[in-house]
Amino acid sequence: MPQMTRLRRRDPAPSRLVYRVERVLLTPFYRGLVTTGLPVLAVVMAFVLLLSDANRRDVIRNFVQDVRNEIEQRPEFMVRLMTIDGATEDVGAEIRSLIPVEFPVSSFDLDLDAMRVTVEKLDAVASATVRVRSGGVLGIEVSERVPAVVWRTGAGLALLDAKGHQVAPVDERSDRPDLPLILGDGAESNVPEALAVIAAARPIEARLRGLRRVGERRWDVMLDRDQRIMLPEIDPVTALEAVIAMNEAPQEILARDVVHVDMRRPDRPTLRLGPAAAADHRRTIAFEMGEN
Amino acid sequence: MNDLYETQRAMRAMRNAAMQRGVIAVLDVGTTKIACLVLRFDPIDHIDTADVVGSLAGQSRFRVIGAATTRSRGMEFGESRALQETERAIRTAVQSAQKMAKVRVDHIILSFAGGKPRSYGLAGQIDIDGREVEEADVARVMSACDVPDVGDERDTLHAQPVNFALDHRSGLGDPRGQIGHNLACDMHLLTVDALAVRDLVHCVTRCDLDVAGIASSGYVAGLASLVEDEQELGAACVDMGGGSTSVSIFMKKHMIFADTVRLGGDHVTNDISKGLQVPLSVAERIKTFHGGVVATGMDDREMIEIGGDTGDWERDRRTASRAELIGIMRPRVEEILEEVRARLDAAGFEHLPSQQIVLTGGGSQIPGLDGLAPKILGQRVRIGRPLRVQGLPQAATGAPFSASVGLCLFAANPQDEWWDFEIPADRYPARSFRRAVKWFRDNW
Numbered sequence: 036m037p038q039m040t041r042l043r044r045r046d047p048a049p050s051r052l053v054y055r056v057e058r059v060l061l062t063p064f065y066r067g068l069v070t071t072g073l074p075v076l077a078v079v080m081a082f083v084l085l086l087s088d089a090n091r092r093d094v095i096r097n098f099v100q101d102v103r104n105e106i107e108q109r110p111e112f113m114v115r116l117m118t119i120d121g122a123t124e125d126v127g128a129e130i131r132s133l134i135p136v137e138f139p140v141s142s143f144d145l146d147l148d149a150m151r152v153t154v155e156k157l158d159a160v161a162s163a164t165v166r167v168r169s170g171g172v173l174g175i176e177v178s179e180r181v182p183a184v185v186w187r188t189g190a191g192l193a194l195l196d197a198k199g200h201q202v203a204p205v206d207e208r209s210d211r212p213d214l215p216l217i218l219g220d221g222a223e224s225n226v227p228e229a230l231a232v233i234a235a236a237r238p239i240e241a242r243l244r245g246l247r248r249v250g251e252r253r254w255d256v257m258l259d260r261d262q263r264i265m266l267p268e269i270d271p272v273t274a275l276e277a278v279i280a281m282n283e284a285p286q287e288i289l290a291r292d293v294v295h296v297d298m299r300r301p302d303r304p305t306l307r308l309g310p311a312a313a314a315d316h317r318r319t320i321a322f323e324m325g326e327n
Numbered sequence: 093m094n095d096l097y098e099t100q101r102a103m104r105a106m107r108n109a110a111m112q113r114g115v116i117a118v119l120d121v122g123t124t125k126i127a128c129l130v131l132r133f134d135p136i137d138h139i140d141t142a143d144v145v146g147s148l149a150g151q152s153r154f155r156v157i158g159a160a161t162t163r164s165r166g167m168e169f170g171e172s173r174a175l176q177e178t179e180r181a182i183r184t185a186v187q188s189a190q191k192m193a194k195v196r197v198d199h200i201i202l203s204f205a206g207g208k209p210r211s212y213g214l215a216g217q218i219d220i221d222g223r224e225v226e227e228a229d230v231a232r233v234m235s236a237c238d239v240p241d242v243g244d245e246r247d248t249l250h251a252q253p254v255n256f257a258l259d260h261r262s263g264l265g266d267p268r269g270q271i272g273h274n275l276a277c278d279m280h281l282l283t284v285d286a287l288a289v290r291d292l293v294h295c296v297t298r299c300d301l302d303v304a305g306i307a308s309s310g311y312v313a314g315l316a317s318l319v320e321d322e323q324e325l326g327a328a329c330v331d332m333g334g335g336s337t338s339v340s341i342f343m344k345k346h347m348i349f350a351d352t353v354r355l356g357g358d359h360v361t362n363d364i365s366k367g368l369q370v371p372l373s374v375a376e377r378i379k380t381f382h383g384g385v386v387a388t389g390m391d392d393r394e395m396i397e398i399g400g401d402t403g404d405w406e407r408d409r410r411t412a413s414r415a416e417l418i419g420i421m422r423p424r425v426e427e428i429l430e431e432v433r434a435r436l437d438a439a440g441f442e443h444l445p446s447q448q449i450v451l452t453g454g455g456s457q458i459p460g461l462d463g464l465a466p467k468i469l470g471q472r473v474r475i476g477r478p479l480r481v482q483g484l485p486q487a488a489t490g491a492p493f494s495a496s497v498g499l500c501l502f503a504a505n506p507q508d509e510w511w512d513f514e515i516p517a518d519r520y521p522a523r524s525f526r527r528a529v530k531w532f533r534d535n536w
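Written out as structure tokens, the structure is:
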């Protein structure tokens, strides 16, 4: 009866072949080959075969690009507006002209770092942060440079901040009468020192016309009536304070007919008298010598 | 006998190779089930200091990482009657144990109960002329034991030195280093049917496995289920298996006698099958679920559905009371225990200082056996479960697995046997080059 034989229960024992194959698979080398090596090989081969066709590569690339575009163009990622905080109107307008963005634009297409670098390249800008804020706003926060001195060169006048960085050009000195004037070669690279000297010169502020850098090494304090105080290279502030102290003494040297107060040797201040005073002085000496 | 020496040496070498690899399997081939355990050994760095037994009696060195049991096929009385069937059963067990262990095993240690084991006590003595006993002397005295005629077609399974005596000082475990004139040795020799061993080894080699040792299941069951004191003071282990019941007597931590009764749980099942007229599988099920050996009044009322296989479910629904079942089982169990008693008496068990008897194996799980056994075997009977070893699944910790667990212990710490010592020079064939080398080594 063939039916009966088919109904016979299957032998639970593994056949010799199955048993041997299983033992082979349990040896570490073949086990690693089957569980790791072959699958990895198959996946790699599948990729290689898939990508070997140029058309298929293009299809894949286009598909990826499409998906990417679709996500980028979603309204959640669109930027519609630019705000500039902390900048004066002129600077703001300049920034707007520097960053030509056609709104609306996807935030993925904005290179915020490059924008920041562009903005910071402006003379008037000390630092800037650029970020896309919620609501699709491109926010640029600017901290401007504060002009500290007016700098006169052969080409014209410019404003410098406390560190000597150029802020903006000015047309006339009288545009910014509140700021002190510096001039001379190398003046712009020693602005902090110049500011210290100007701070020390506060008692004679009314008479101060400006500071001149002489020989790219030291400062001359220019006062009205063409008086000048020649300061040393080293420690000019102390020298200036000494002059001011002399001025505040009853002699009031700066009120007299003195052209130069020479402090280039701080331990030996030297005065150059004006022509009238010098003649008078000489006459006095001659008189003293002649009469005696 | 040198031939046997060589094969046993080869098996020992195989065992050492397995130890180096760290993985070895033990296979207990029984009549009803075949159990295979895969052991992983820790890297051996202190194997040479073998005198020092490690923590947990040296069992902490290995761990069971795979275990599988399968119904054995083609086995009768612990011997293989159908080699292909047995081979398939072994394959099943080994494969699933390997699968669980996730490692391939190549070396296997076997135990089996069949082959009509017969044990002999051997004695030998040599003169050593008042010098220190050396290892070569131990080998010599063991070779000097006069081997009885064990008969044709018999193989030696164990040949263990159990006692050394040096000039009337007996009971030495290790005579090396002591000084005396006359060294005597008692050896326990266990022989089995060569054909039974050959059949099993054939089945195992057909499974692409190397045999790294063979043990008698009575011996290894004793190793697992006798506690240390019992092994020391003298005790008998009765491993009640499916096809045969093995008896082994231990004394001073050595097996001194082993025998089998060719009766077991299968005969009980047979009796139930015949008595209640049910198929063998149903009989086996009834035996394991409802079996017992002590009937009470309650058992008269407890009816067991024994079913009928005729397909006529409406009319052919038979029941038997549990008392009936017990009435069938009890005489057979009594017969087995009486046979065991007879073997123990023949071995002179009553002369031992302690006469503890430990029942183990699947048959020892019959409810009420602890009440029946003392009536036949004497008062000091307990039901033993095997030692706990690391990593053994819960399902394999019961009494039926005594031999398997004992085989693990045997694999980890085998007892010194006769073939673990060098053959003395005079046992080599004359004119052999190795004999010359040996003579030089012994004399210089």
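So the protein lines, in turn, are chains E and Y.
First residue of the first sequence? That's 36 in the numbering used here, and the numbers climb one at a time after it.
First residue of the second sequence? That's 93 in the numbering used here, and the numbers climb one at a time after it.
All C-beta atoms in this analysis are idealised placements derived from N, C-alpha and C, irrespective of residue type, glycine included.
Contact between glycine 114 of chain Y and arginine 101 of chain Y does not hold, since their C-beta atoms are separated by about 22 Å, which reaches or exceeds 8 Å. With distances taken between CA atoms, glutamate 228 of chain E lies nearest to E:Leu246 out of E:Ile239, E:Leu246, E:Asp213 and E:Arg242.
Assignment of alanine 189 of chain Y by DSSP, reduced to helix, strand and coil, places it in the helix class. Among the CB atoms of chain E, one or more fall inside 8 Å of the CB of aspartate 300 of chain Y. Distance between serine 224 of chain E and alanine 183 of chain E, taken at the CA atoms: about 13 Å. Per the coordinates, the alpha-carbon of alanine 236 of chain Y lies some 11 Å from the alpha-carbon of methionine 279 of chain Y. Taking a beta-carbon distance threshold of 8 Å, threonine 62 of chain E counts as an interface residue toward chain Y.
Considered as a whole, the stretch 236-324 of chain Y harbours 246-258, 261-264, 271-285 and 302-308 as its complete beta strand (DSSP E) runs of no fewer than 3 residues, in chain order. Contact annotation: the stretch 87-97 of chain E does not touch the stretch 143-150 of chain E, with fewer than three C-beta pairs closer than 8 Å. Among the CB atoms of chain Y, none fall inside 8 Å of the CB of arginine 44 of chain E. Of all residues in the stretch 91-118 of chain E, none comes within less than 9 Å of chain Y when Cβ atoms are compared. In chain order, Leu61 make up the part of chain E whose C-beta sits under 7 Å from the C-beta of valine 195 of chain Y. Around the beta carbon of methionine 167 of chain Y, 16 or more other beta carbons sit within 10 angstroms, so the residue counts as buried. Annotated three-state conformation of arginine 132 of chain Y is strand, per DSSP.
At a cut-off of 8 Å between C-beta atoms, alanine 77 of chain E does not count as an interface residue with respect to chain Y. Leaving aside the five residues that flank arginine 196 of chain Y on each side, the residues in its chain whose CB is nearer than 7 Å to its CB run, in chain order, Gln190.
Non-local C-beta neighbours of serine 446 of chain Y in its own chain, meaning closer than 6 Å and more than five positions away in sequence, comprise Leu325 and Gly326, ordered along the chain.
The C-alpha of serine 178 of chain E is placed about 12 Å away from the C-alpha of valine 165 of chain E. Taking C-beta atoms as the reference points, methionine 265 of chain E and aspartate 297 of chain E count as a pair closer than 8 Å. The C-beta of glutamine 112 of chain Y comes no closer than 8 Å to any C-beta of chain E. The beta carbons of glutamate 171 of chain Y and glycine 122 of chain Y sit about 11 Å from each other, so the pair does not count as a contact at 8 Å.
Cα atoms of glutamine 187 of chain Y and proline 209 of chain Y: separation of roughly 29 Å, rounded to the nearest angstrom. Counted as a single uninterrupted DSSP element, the beta strand (DSSP E) harbouring arginine 253 of chain E occupies residues 253-258.
Our two residues, proline 240 of chain Y and threonine 411 of chain Y, have alpha carbons roughly 55 Å apart in a direct line. Counting along the chain, histidine 382 of chain Y sits inside the alpha helix (DSSP H) bounded by residues 372-382. By the 16-neighbour rule on beta-carbons within 10 angstroms, arginine 409 of chain Y is exposed.
For the stretch 117-181 of chain E, the full-length alpha helix (DSSP H) segments reaching 4 residues or more read 124-133 and 147-156 along the chain. Contacts with chain E (Cβ-Cβ distance below 9 Å) from the stretch 169-181 of chain Y involve Glu177, Glu179, Arg180 and Ala181, listed in chain order. Annotation: arginine 168 of chain E has no Cβ neighbours in chain Y at a cutoff of 8 Å; minimum Cβ distance is about 58 Å. Cβ neighbours of alanine 222 of chain E within its own chain (closer than 6 Å, five residues either side excluded): Arg248. For leucine 214 of chain Y, the secondary structure class from DSSP, reduced to helix, strand or coil, is strand. Taking 8 Å as the cut-off, the beta carbon of leucine 173 of chain E is found no closer than this to the beta carbon of valine 154 of chain E. At a cut-off of 8 Å between C-beta atoms, arginine 377 of chain Y does not count as an interface residue with respect to chain E.
Proximity of chain E to threonine 124 of chain Y at the Cβ level (cut-off 8 Å) is not reached, the minimal Cβ distance being about 15 Å. The beta carbon of arginine 45 of chain E is closer than 8 Å to none in its chain, skipping five residues each way along the sequence.
Note on geometry: alpha-carbon atoms of arginine 165 of chain Y and glycine 158 of chain Y lie some 21 Å from one another.
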